[in-house]
Structures are given as C-alpha cells and as structure tokens.
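Read through the structure below, which is laid out as structure tokens, and then see the notes.
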Amino acid sequence: GGRAVKKGAEGYAPIRQDYEDFYTRRMYYRIHDAFNRPICSAPDAWVDVMERTPVDGQKPLQVTGATKRCLNLGSYNYLGFAAQDPYCTPRVEEALDQLGWAAASARADAGTTPRHVELERLVAQFLGKEDAITCGMGFATNSAFIPLLAGKGTLVVSDALNHSSIVAGVRGSGAKVKVFDHNDPAHLEAVLRSAIAEGQPRTGRPWKKIVIIIEGIYSMEGEMVRLKEIVELKKRYKCYLYLDEAHSIGALGAGGRGVCEQLGVDTADVDIMMGTFTKSFGSCGGYIAGDRGLIQYLRCHCPAHLYATAMSPPAVEQVISALHVIQGLDGSDRGKRKIRQLHDNSNYFRRGLLEQGFDVLGDWDSPVMPVMLFCPAKLPAVSRYTLERGLAIVVVGFPATPLLTTRMRVCISAAHSRADLDYALEVFKALRDRHHLQYCDAETASR
Ligand code: PMP
C-alpha cells in the first residue's frame, strides 16, 4: 500500500504489473490445479468433475480421465431446469426431431421458426411488456443491442460493477459514459445532476437522451439492485432505464418475474428489460423486452438479429417449456414450488454460513452468495480443500475482483436437497477452522 502508481511503458501501472506477475508466473498453475476442471455430467445438484494431474512445477496440467462426484455449488442452475425435467425434456426432444438442432440462418433470413415467435410472445407477456426480441447469446444481447439504444450525444450512466457484456456494449456505442458507485442511488443522483448541468462535452448542448444501466442481481456481489430509488431518479431526471436480469429473472419474485416483482416495482417503469435464458431457464440466449416500437426498431436494425444465427430450436423449446412450468401452464404448481424452494434453500444456506462466522455478501432470497476469503493466497488451498471434500465451487480473484476482495462464490439451486446443503455447511465449517475464515461474530449473523 501507499506506493505511487505510475504509468509504465505499456500503459500498465507498475503496481498492477506486480500482481499480474504474481498470478501468471507463480500461482497460475496451482490455481488451475484447483479449479477450472472439465465438468462431465449435466450441471444438476451434483456433478462429475474431472481429476487432473497434481501440481508439478510449471508443467501444464492434464486431465486424467478419472472423475469425482461433487455437490454442485458453481452452476447458475437456479431452478434446476439445466438437467432432465419431466415437462421440458420431452418437448425439447420433440423440437429436436421436428426442427433439428441448428437454426442454420439469421432470424431475419430463414432462421425464424414458429417457436421463436412464440418464445418472444411468452417473454413479453411474462414481463408485462408489449413485445420482446431474442438473441442467440446473453453476452451478445448486451454487447450488440446497447449500441442501438445509445450513440453519439447519449449519456450512459452505468453501475460500477456492471457485467463485462454491458461494458462491451457501452464501449461500442460511441455514447459518453459515466460510472456511478455500485448500487448507490445518492451517487447516481450526483452524477446525473452534474452531467445534466454540464451538457455534452465541448458544445455544452443538452444530452439527446440519458440511459441508466443496472442489473437485477449483481453476479459477483449477490446483491439486489436498489430499484425503487433508481426508478425515482430515472423519473425525476427524465432518463431511460435499462435493467439486466441475467441472474434475477426466474429466481426472484414469488412468480419468478424478477427483481420488479420481488421489490414491488411496476415493469412499466423499466424501459428496457434485458435478461438471459442461461441461468433460471437452463438454456442459452437472451432477450430484450420493451415497447412495440422499440422492439420493432431493434428487429430492423440490430446486426445480431440481421446477421447472427438464430437460437437453436431445441434451446428455444427449453425456454418455452421452463416458462410454462414457472407460470403453471403445465397444469401443476411445480414452478411456484421450485421458486419457493430456491428462496428457502438460499436463505437456509446463507443463515448457516453467517452463523459459522463467514463474511457473506448479498441479500436474503438471492441464490448468489459470495463468501469472502480476502487473502488471495488462500484461494488455491481453499479451492482444493473443498474439491477434495466433494464440493464443486467457483473461487474468484483478481482480475475479476480487486485483489483484496478475493472470494468464493456459491450458487444455490432449487435442485439442492436439505441434506445436500447440510453436507456443504459441514465442509464449510471444517474449512473455516482450517483456513481461519471466521470474520464475523454470531451477533452480526443474527442481524
Ligand atoms: N449479463 C450478466 C449480468 C451476466 O452475469 C452474464 C453472464 N453470466 C451475461 C449478461 C451474459 O450472459 P450469457 O452467459 O448468457 O452469455
């Protein structure tokens, strides 16, 4: 700490270069021994993880072919739709028979099937919006669609921890971007006020429009957006609001309608609702839902709609079927029960970790649970220990997080049983004692 940060020859600050050397030269192989292994089964409550050869100096690691059955605390399989499902799977198989695996064309050419049209109708209806457009990839939904919503003369005000796909979209848009402190409405307001007072750079003319971009649940923080306050600000300062619900759609709200339902916000107050099908729906792709005119504009102009291959039909069918189950259109209450189970599981596990004295980030009902390690040197040992004890768990450090907020990230699923979670809590307790991870006391936990 306290060292001057100077720009180096390649534009890197030397202090950061040290960290990169540390990670790439000294810890890289060790870390990669501990995680980043091939998963060779469906990402259900339990998964088969491939064994790798042990650390041997600087040699690249090989998979041995042997597998280890682990409790899966790493996948975004929030509602348990990623593996076999009695309602979804037969329908996906039927779509595969009828329509084949590949769309083999862009949506605007020969890649639109009736199932794509049905999916867009269902998504719009689910969110209470007039229309929706889908895209073959969640990442590209942000990176390719944002440049059509913001351009020269637009101001984008973006949360400091927004996902890299949002950053890519904003950078590609040519809009002026200002970042506000993570999930801090007071700072957002300060940024808006000064940007509006200053106007566009050089000319000082008023902004053509202002777009605020936020996420429903922040994927490295497990935290819900402070949506009510931000909607207030968006109205007061006449901005558009773009909400990325990759992690919150399906997972929040009693009906799985996301963070608006969870926090009691009308979806009419969110102009552009973006989300992915890769988490709660167990498929791939993404969507944008909004007013009819907006979606029609995107259909006519977005290169990802005109020139990228459409979602594969079985993947489309998986989302349609999952949406049926979530809304009870399969004639059962399984969807509602899955969502309740997800919230119960998440809260049970979060409470268990807090009672053990772990420093856990995020909100109640959120299935994303970052568990702080702080010390980056603990990361490989912690990862290897949990893997040895049968937990598949993602550990996150620099450059995905600042060096000193190194963490594990637990993702809970409705597919986990109480016995699964109790087993994981037992391993965490042993882990805490072995690696001195008790950062909070019981009093903090009960709050
Ligand atoms: N937005 C957010 C907030 C995400 O976390 C992610 C990836 N997890 C994406 C977009 C990209 O979605 P996908 O993985 O479906 O491409």
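If you use UniProt numbering, the sequence shown corresponds to residues 40 to 486, in order. We put the beta carbon where it would ideally sit given N, CA and C, even for glycine.
### Task
Have a look at Pro-441 and Pro-129 and give me their C-alpha separation to the nearest angstrom.
Indexing the sequence shown from 1 puts residue 441 at position 402. Indexing the sequence shown from 1 puts residue 129 at position 90. One C-alpha to the other measures close to 44 Å.
#### Entry: Coil, strand or helix - Gly-47 by DSSP
Your numbering for residue 47 matches position 8 in the sequence shown. In this prediction, Gly-47 scores a pLDDT of 41, lower than 50, which makes its location untrustworthy; the coordinate-derived value is nonetheless stated afterwards. If DSSP states are grouped into helix, strand and coil, Gly-47 belongs with coil.
### Query
Along the chain, which unbroken stretches of the alpha helix (DSSP H) at least 4 residues long are found entirely within the region 261 to 339?
266 to 275 and 298 to 302
### Message
Would Thr-193 and Val-270 be called neighbours here (beta carbons separated by less than 8 Å)?
### Response
One-based indexing of the sequence shown puts residue 193 at position 154. One-based indexing of the sequence shown puts residue 270 at position 231. No, they are not a contact pair.
### Cross-strand partners of Thr-92 (DSSP beta bridge)
Locating residue 92 in the sequence shown gives position 53, where the first residue counts as 1. Bridge partners of Thr-92: none, in fact.
### Query
What are the boundary residues of the beta strand (DSSP E) that includes Phe-413?
Start at 1 with the first residue of the sequence shown, and residue 413 comes out as number 374. That run of the beta strand (DSSP E) goes 407 to 413.
### Task
May I ask you to report which of helix, strand or coil DSSP gives Ile-432?
Position 393 of the sequence shown, counted from the first residue, corresponds to residue 432. It is coil, neither helix nor strand.
### Query
Going by alpha carbons, who is nearest to Gly-303 out of His-340, Asp-310, Ile-359 and Leu-291?
The residue you call residue 303 lines up with position 264 of the sequence shown. Checked all of His-340, Asp-310, Ile-359 and Leu-291; the closest Cα to Gly-303 is Leu-291.
### Query
For the ligand PMP, any of its heavy atoms closer than 7 Å to the Cβ of Ala-285?
For the purposes of this step, residue 285 is identified with residue 246 of the sequence shown, where counting begins at 1. At least one heavy atom of the ligand PMP is nearer than 7 Å to the Cβ of Ala-285, so yes.
### Task
Return the Cβ separation of Glu-228 and Leu-272 in integer angstroms, given the expectation that the two are a contact with Cβ distance under 8 Å.
Here residue 228 is taken as the residue at index 189 of the sequence shown, counted from 1. Here residue 272 is taken as the residue at index 233 of the sequence shown, counted from 1. That belief holds up - the Cβ atoms of Glu-228 and Leu-272 are roughly 6 Å apart, short of 8 Å.
### Where Cys-127 sits in the DSSP three-state scheme
To locate residue 127, count along the sequence shown from 1; it is residue 88. Here Cys-127 sits in helix by DSSP.
### Message
Pro-82 and Ser-114 - do their beta-carbons sit closer together than 8 Å?
### Response
Against the sequence shown, residue 114 aligns to sequence position 75. Against the sequence shown, residue 82 aligns to sequence position 43. Closer than 8 Å, so yes.
### Task
Note down, in chain order, each residue of its chain lying with its Cβ closer than 6 Å to the Cβ of Met-411, except the 5 sequence neighbours on either side.
In the sequence shown, counting from the first residue as 1, residue 411 sits at position 372. Only Asp-398 and Arg-446 meet the Cβ criterion.
### Query
So does the region 383 to 397 actually touch the region 451 to 470, counting three or more Cβ pairs closer than 8 Å?
yes
### Task
Classify Thr-317 as buried or exposed, calling it buried when 16 or more other Cβ atoms lie within 10 Å of its own Cβ.
Looking up residue 317 in the sequence shown gives position 278. Burial call: buried.
### Query
From Gly-436, Arg-390, Gly-297 and Val-407, pick the residue whose C-alpha is nearest to that of Cys-414; which is it?
Numbered from its first residue, the sequence shown carries residue 414 at position 375. The option with the nearest alpha carbon to Cys-414 is Gly-436.
### Task
From the DSSP output, in three-state form, read off Phe-219 for me.
Here residue 219 is taken as the residue at index 180 of the sequence shown, counted from 1. Strand at Phe-219.
#### Entry: Inter-stretch contact (C-beta, 8 Å, three-pair minimum) for the region 149 to 160 and the region 181 to 200
no
### Task
Compare the Cα-Cα distances from Gly-208 to each of Ala-354, Ala-189 and Asp-402 and report the closest residue.
One-based indexing of the sequence shown puts residue 208 at position 169. The candidate whose alpha carbon is nearest that of Gly-208 is Ala-189.
### Task
Could you tell me the boundaries of the alpha helix (DSSP H) in which Val-466 lies?
One-based indexing of the sequence shown puts residue 466 at position 427. Per DSSP, Val-466 belongs to the alpha helix (DSSP H) from 457 to 474.
### Message
Less than 8 Å between the C-beta atoms of Ser-204 and Phe-184, yes or no?
### Response
To locate residue 204, count along the sequence shown from 1; it is residue 165. To locate residue 184, count along the sequence shown from 1; it is residue 145. No, the Cβ-Cβ distance between Ser-204 and Phe-184 is not below 8 Å.
### Message
Checking 8 Å against the spacing of the C-beta atoms, do Thr-444 and Gly-175 come in under that value?
### Response
Translated into positions along the sequence shown, residue 444 becomes position 405. Translated into positions along the sequence shown, residue 175 becomes position 136. Cβ atoms of Thr-444 and Gly-175: not closer than 8 Å.
### Query
Pick from Trp-85, Gln-239, Lys-377 and Lys-107: whose alpha carbon is nearest that of Ala-214?
Locating residue 214 in the sequence shown gives position 175, counting from the first residue. Checked all of Trp-85, Gln-239, Lys-377 and Lys-107; the closest Cα to Ala-214 is Gln-239.
### Task
Answer with buried or exposed for Leu-476, where buried requires no fewer than 16 other C-beta atoms within 10 angstroms of its C-beta.
Residue mapping note: residue 476 aligns to position 437 of the sequence shown, counting from 1. Under this definition Leu-476 is a buried residue.
### Query
If you count every other CB in all the chains shown that lies within 10 Å of the CB of Ala-105, and 16 or more means buried, which is it?
Within the sequence shown, the letter at position 66 stands for residue 105. Label assigned to Ala-105: exposed.
### Query
Taking 7 Å as the cut-off, does the CB of Ser-258 come closer than this to any heavy atom belonging to the ligand PMP?
In the sequence shown, the residue the question calls residue 258 occupies position 219. Yes; taking the cut-off as 7 Å, the Cβ of Ser-258 has a heavy atom of the ligand PMP nearer than that.
### Query
If we call anything under 8 Å between Cβ atoms a contact, is Val-407 one with Ile-432?
As a first step, residue 407 is located in the sequence shown; it is residue number 368 there, counting from the start. As a first step, residue 432 is located in the sequence shown; it is residue number 393 there, counting from the start. No, the pair does not count as a contact, with Cβ atoms beyond the cut-off.
### Gly-177 CB to nearest heavy atom of the ligand SAM below 7 Å
Because the ligand SAM does not appear in the structure shown, any question about it cannot be addressed here, the ligands present being the ligand PMP.
### Task
Identify whether Ile-359 lies in helix, strand or coil by the three-state DSSP scheme.
Taking the sequence shown and counting its residues from 1, the one referred to as residue 359 is at position 320. Of the three classes helix, strand and coil, the one that applies to Ile-359 here is helix, per DSSP.
### Message
Whole angstroms are fine: how far does the CA of Ala-285 sit from the CA of Ile-54?
### Response
In the sequence shown, the residue the question calls residue 54 occupies position 15. In the sequence shown, the residue the question calls residue 285 occupies position 246. Unreliable positioning characterises Ile-54 in this predicted model, as indicated by a pLDDT of 47, which lies under 50. The coordinate reading is nonetheless provided below. If you take the alpha carbons of Ile-54 and Ala-285, they lie about 34 Å apart.
### Message
Taking the straight line between their C-alpha atoms, what separation do you get for Arg-331 and Asp-372?
### Response
Counting from 1 along the sequence shown, the entry for residue 331 is found at position 292. Counting from 1 along the sequence shown, the entry for residue 372 is found at position 333. One C-alpha to the other measures close to 31 Å.
#### Entry: Candidates Leu-362, Gly-370 and Tyr-346, of which the one nearest Ser-144 by Cα
If you number the sequence shown from 1, residue 144 lands on position 105. Here the closest residue by C-alpha is Tyr-346.
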